[in-house]
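Participant:
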Amino acid sequence: MKATVVIPNLNGAGWLKDSIESIWAQTCRDFELIVVDNGSTDESLAIARSYVGRERYTLIENRENTGFSHAVNQGIRLADSEYVALFNNDAFAEPDWLENLIAAADKDKRIFAVSSLMIRHFERTLADDAGDYVTLLGFACKRGDGLRAERYQRPCRVFSACGGAALYRKSILDEIGLFDENFFAYYEDVDLSWRGNNHGYKNVFCPAAKCYHICGATTGAVRYNPFKSIQSGRNSILLPYKNMPLLMLLLNLPFLAAGYLLKAVMFRLRGFGPAYGQGFKEAFKAIPKLDKPRFRVKNLPYYVLVQLWLVGGLFQYIVYRAQRALKIT
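Residue numbers (my numbering): 3 to 331.
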């Protein structure tokens, strides 16, 4: 089997069927589909069950919401294929989406993850995500969010693939580990890609792999809410702590502290200061549970490369914020 597509679902009755059908319509036929239902209470569970018995289809039912990372890990563990593709239940793929992702990954055995060109479903001239990056301030950001999709037509390396529509090489997942289930939601894909970077693997962006994304359909379409604020505060602490060697963490601490302060002010101005602060408290409780990789001398060049990515990410973020302030798309 060339690929396994894993769709995590939570109360996606309004869009799950169209999402699944877009996968069945793929030009690449050498794949299996696994849907992981995370305790849905709407009609989406019945929709997922309606495909049971179809060839190359598996449904996993969880009694409760176990989080994105746990759900997709369940699917990945069942996969017996060269690649695993993750696909959001509120996304809809072009017919050649999977074929193009595989073609991009096949070019180099050192490629770990391939990120799609995710386009806003209701604003189809605008990008939703063209790969992710992290800044020196510790911000994890979506590349191209709200900018014209036509800007992102060149394949390139990216810091991280967006797990909403990405392909991963299964052999590297087996080597470096699956999604960290300490990340209940958000940043778990950046954590995984960062781990790949630390091991010297590549993450790339494939503009030919297009899909359309409703954006926030499961967790709430509004940009800020208490759940997102808690997860942002929590995971923005866990992400650098887990992936930076101690010396690197100490060197970056002033920049990270500045970033946390800026975000705290931003969330407070939007009325979510207490939720963001709660995320910080949860982060420090979670730190002892983290499996922090040991420093490896042989990986030193890759740590340096990551540091350069972080510096470049800061400038990228400044340019992006200026574009948004000037309403340039």
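C-beta atoms are modelled at their ideal positions from N, C-alpha and C, and glycine is treated no differently.
(1) Tell me, which residues are paired with Glu34 by DSSP?
(2) How do the stretch 131-143 and the stretch 254-270 stand: do at least 3 beta-carbon pairs fall below 8 Å, yes or no?
(3) With distances taken Cα to Cα, identify the nearest neighbour of Ser238 among Lys204, Phe282, Leu249, Ile216.
(4) Quick check on Pro242: buried or exposed, where buried means 16 or more other Cβ atoms within 10 Å of its Cβ?
(5) Can you tell me whether Leu253 is buried or exposed, with buried defined as 16 or more other CB within 10 angstroms of its CB?
(6) Look up Leu88 in the DSSP assignment and say whether it is helix, strand or coil.
(7) Would the stretch 200-219 and the stretch 110-117 be scored as touching if the rule is three or more Cβ pairs under 8 Å?
(8) Could you say which of Ile36, Leu169, Val8, Gly16 lies nearest to Ser46 if we only look at CA atoms?
(9) Relative to the C-alpha of Arg347, which candidate in Glu84, Thr29, Gly148 has its C-alpha closest?
(10) Where DSSP assigns a beta bridge to Thr60, which residues make up the other side?
(11) Find the nearest neighbour of Phe286 within the set Phe269, Arg145, Val306, Gln233, judged by alpha-carbon distance.
(12) Starting from His72, trace the alpha helix (DSSP H) both ways and give me its first and last residue.
(13) Would Lys172 pass as a contact of Tyr85 if the rule is Cβ separation under 8 Å?
(14) For the alpha helix (DSSP H) that Phe94 lies in, which residues bound it at each end?
(15) DSSP beta-bridge partners for Gly54?
(16) Can at least three beta-carbon pairs, one atom from the stretch 7-27 and one from the stretch 36-43, be found at a separation below 8 Å?
(17) In chain order, what residues of the same chain lie with their CB nearer than 6 Å to the CB of Tyr189, ignoring the 5 residues before and after it?
(18) Taking the alpha-carbon positions, what's the Thr29 to Met250 distance?
(19) If the criterion is Cβ atoms closer than 8 Å, does the pair Ser24 and Ala95 meet it?
(20) Tell me whether Leu119 sits in a helix, a strand or coil according to DSSP, three-state version.
(21) Which same chain residues, not among the five before or five after Gly202, have their C-beta less than 8 Å away from its C-beta?
(22) Have a look at Pro276 and Lys230 and give me their C-alpha separation to the nearest angstrom.
(23) Helix or strand or just coil, what does DSSP make of Tyr189?
(24) Give a yes or no on whether the C-beta atoms belonging to Gly146 and Tyr154 are separated by under 8 Å.
(25) What number of angstroms, rounded off, separates the C-alpha of Lys19 from the C-alpha of Gly69?
(26) On the DSSP letters alone, give me the boundaries of the alpha helix (DSSP H) that Arg236 sits inside.
(27) Could you give the DSSP three-state label for Ser162: helix, strand or coil?
(28) Does the beta-carbon of Leu88 have 16 or more other beta-carbons within 10 angstroms, so that it is buried, or is it exposed?
(29) Got a sec? Which residues, its chain only, sit under 6 Å from His72 by beta carbon, not counting five neighbours each side?
(30) Where does Asn13 fall in DSSP's three states?
(31) Run through the DSSP bridge pairs and tell me what Leu128 is partnered with.
Facilitator: Looking at the coordinates:
(1) Thr6
(2) yes
(3) Ranking the options by Cα distance to Ser238, first place goes to Phe282.
(4) buried
(5) exposed
(6) strand
(7) yes
(8) Gly16
(9) Residue 347 cannot be examined here, being either before or after the span of the chain that is shown, 3 to 331.
(10) Ile36
(11) The shortest CA-to-CA distance from Phe286 to any of Phe269, Arg145, Val306, Gln233 is the one to Gln233.
(12) 70-80
(13) Yes, the pair counts as a contact, with Cβ atoms nearer than the cut-off.
(14) No alpha helix (DSSP H) contains Phe94, which is instead part of the beta strand (DSSP E) from 93-95.
(15) Rather than Gly, the amino acid found at residue 54 in this sequence is Val. Note: Val54 sits in no beta bridge, so no partner.
(16) yes
(17) The residues are Ala142, Asn237, Leu241.
(18) Rounded to whole angstroms, Thr29 to Met250 spans 45 Å at the Cα level.
(19) yes
(20) strand
(21) Take Gly202, set aside five residues on each side of it, and the residues of its chain with a beta-carbon closer than 8 Å to its own are Arg112, Asn301, Pro303, Tyr304, in chain order.
(22) 12 Å
(23) coil
(24) In this structure, Tyr154 lies closer than 8 Å to Gly146 by Cβ.
(25) 21 Å
(26) First-last of the alpha helix (DSSP H) with Arg236: 228-245.
(27) strand
(28) buried
(29) Only residues of its own chain outside the window of five on either side were considered, and among them Glu183 have a CB closer than 6 Å to the CB of His72, listed in chain order.
(30) Coil at Asn13, not helix or strand.
(31) Arg150
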